[in-house]
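What follows is a single structure, written as C-alpha coordinates, with notes after it.
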(Lines of atoms letter the chains of each structure in order from A and count residues from 1; the text may use other names and numbers.)
(Lines give C-alpha, C1' and ligand atoms only; values in the text may rest on other atoms or scores of the structure.)
Protein backbone atom coordinates (compact mmCIF):
# COMPACT_ATOMS: atom_id res chain seq x y z
CA UNK A 1 0.00 0.00 0.00
CA UNK A 2 1.22 3.49 -0.83
CA UNK A 3 0.94 5.33 2.48
CA UNK A 4 2.26 8.51 0.90
CA UNK A 5 -1.09 8.77 -0.90
CA UNK A 6 -2.96 8.97 2.41
CA UNK A 7 -2.87 12.65 3.29
CA UNK A 8 -4.45 14.60 6.12
CA UNK A 9 -6.52 17.27 4.33
CA UNK A 10 -6.02 19.81 7.12
CA UNK A 11 -2.24 19.56 7.54
CA UNK A 12 -1.08 18.13 4.22
CA UNK A 13 0.97 15.49 6.06
CA UNK A 14 1.09 12.01 4.55
CA UNK A 15 0.81 8.85 6.61
CA UNK A 16 4.34 7.95 5.43
CA UNK A 17 5.76 11.25 6.68
CA UNK A 18 4.03 10.91 10.05
CA UNK A 19 5.28 7.31 10.30
CA UNK A 20 8.88 8.39 9.66
CA UNK A 21 8.57 10.95 12.44
CA UNK A 22 7.12 8.34 14.80
CA UNK A 23 10.02 5.98 14.04
CA UNK A 24 12.49 8.81 14.61
CA UNK A 25 10.98 9.44 18.05
CA UNK A 26 10.99 5.76 18.91
CA UNK A 27 14.56 5.12 17.80
CA UNK A 28 16.32 8.34 18.77
CA UNK A 29 14.28 9.71 21.67
CA UNK A 30 13.67 6.38 23.36
CA UNK A 31 9.95 6.57 22.73
CA UNK A 32 8.10 3.57 24.08
CA UNK A 33 5.50 1.51 22.27
CA UNK A 34 3.01 -0.93 23.73
CA UNK A 35 3.69 -3.83 21.33
CA UNK A 36 0.05 -4.87 21.75
CA UNK A 37 -0.04 -8.45 20.57
CA UNK A 38 -2.80 -9.90 22.72
CA UNK A 39 -6.39 -8.90 22.99
CA UNK A 40 -8.96 -8.23 20.35
CA UNK A 41 -8.34 -6.56 16.99
CA UNK A 42 -10.06 -3.46 18.32
CA UNK A 43 -7.70 -3.32 21.30
CA UNK A 44 -4.63 -3.77 19.11
CA UNK A 45 -5.85 -1.08 16.72
CA UNK A 46 -6.38 1.33 19.62
CA UNK A 47 -2.90 0.56 20.96
CA UNK A 48 -1.32 1.18 17.55
CA UNK A 49 -3.15 4.52 17.25
CA UNK A 50 -2.08 5.55 20.74
CA UNK A 51 1.55 4.59 20.06
CA UNK A 52 1.67 6.75 16.93
CA UNK A 53 0.09 9.70 18.72
CA UNK A 54 2.47 9.45 21.65
CA UNK A 55 5.54 9.11 19.43
CA UNK A 56 4.67 11.98 17.09
CA UNK A 57 3.83 14.10 20.14
CA UNK A 58 7.16 13.22 21.75
CA UNK A 59 9.08 14.36 18.68
CA UNK A 60 7.02 17.54 18.31
CA UNK A 61 7.51 18.36 21.98
CA UNK A 62 11.24 17.77 21.85
CA UNK A 63 11.68 19.98 18.81
CA UNK A 64 9.52 22.77 20.23
CA UNK A 65 11.50 22.64 23.49
CA UNK A 66 14.74 23.34 21.64
CA UNK A 67 15.76 26.98 21.48
CA UNK A 68 16.48 26.65 17.77
CA UNK A 69 15.01 24.47 15.06
CA UNK A 70 17.63 21.76 14.36
CA UNK A 71 16.74 21.87 10.66
CA UNK A 72 15.37 25.36 10.02
CA UNK A 73 15.65 24.96 6.27
CA UNK A 74 13.11 22.16 6.49
CA UNK A 75 11.10 23.72 9.33
CA UNK A 76 11.42 20.50 11.31
CA UNK A 77 9.60 21.79 14.39
CA UNK A 78 6.52 22.88 12.47
CA UNK A 79 6.45 19.71 10.37
CA UNK A 80 6.70 17.50 13.46
CA UNK A 81 3.86 19.44 15.10
CA UNK A 82 1.75 19.09 11.94
CA UNK A 83 2.38 15.33 11.84
CA UNK A 84 1.28 15.03 15.45
CA UNK A 85 -1.81 17.16 14.83
CA UNK A 86 -2.73 15.01 11.83
CA UNK A 87 -2.66 11.85 13.96
CA UNK A 88 -4.87 13.53 16.55
CA UNK A 89 -7.43 14.69 13.99
CA UNK A 90 -8.44 11.24 12.78
CA UNK A 91 -8.28 7.73 14.17
CA UNK A 92 -8.23 6.44 10.59
CA UNK A 93 -5.23 8.58 9.65
CA UNK A 94 -3.45 7.56 12.86
CA UNK A 95 -4.12 3.89 12.12
CA UNK A 96 -2.75 4.22 8.58
CA UNK A 97 0.27 5.97 10.05
CA UNK A 98 0.77 3.01 12.41
CA UNK A 99 0.56 0.59 9.49
CA UNK A 100 3.05 2.70 7.53
CA UNK A 101 5.33 2.74 10.57
CA UNK A 102 5.27 -1.07 10.73
CA UNK A 103 5.96 -1.36 6.99
CA UNK A 104 8.88 1.09 7.17
CA UNK A 105 10.25 -0.62 10.25
CA UNK A 106 10.14 -4.04 8.60
CA UNK A 107 11.72 -2.70 5.42
CA UNK A 108 14.63 -1.10 7.27
CA UNK A 109 15.21 -4.11 9.51
CA UNK A 110 15.33 -6.53 6.58
CA UNK A 111 18.07 -4.53 4.83
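In the working numbering, the protein residues as written are 1 to 111. Note that the Cβ used here is the ideal one computed from N, Cα and C, for glycine as well. Everything numeric in this text was worked out from a predicted model, so none of it was measured.
Outcome for residue i when other beta-carbon atoms lying within 10 angstroms are tallied against a minimum of 16
i: residue 32; result: exposed
i: residue 65; result: exposed
i: residue 34; result: exposed
Whole-angstrom C-beta distance between residue j and residue i, which should lie under 8 Å
i: residue 52; j: residue 22; result: 5 Å
i: residue 5; j: residue 100; result: Rounded, the Cβ-Cβ distance is 11 Å, inconsistent with contact.
i: residue 58; j: residue 25; result: 5 Å
Residues that residue i bridges to, as DSSP identifies them
i: residue 7; result: 14
Short Cβ contact (8 Å threshold) for residue i with residue j
i: residue 18; j: residue 87; result: yes
i: residue 3; j: residue 48; result: no
i: residue 77; j: residue 8; result: no
i: residue 56; j: residue 83; result: yes
i: residue 85; j: residue 11; result: yes
i: residue 62; j: residue 41; result: no
* Tell me the start and end of each unbroken alpha helix (DSSP H) in the stretch 68-94 that is at least 4 residues and wholly inside, in chain order. => 76-89
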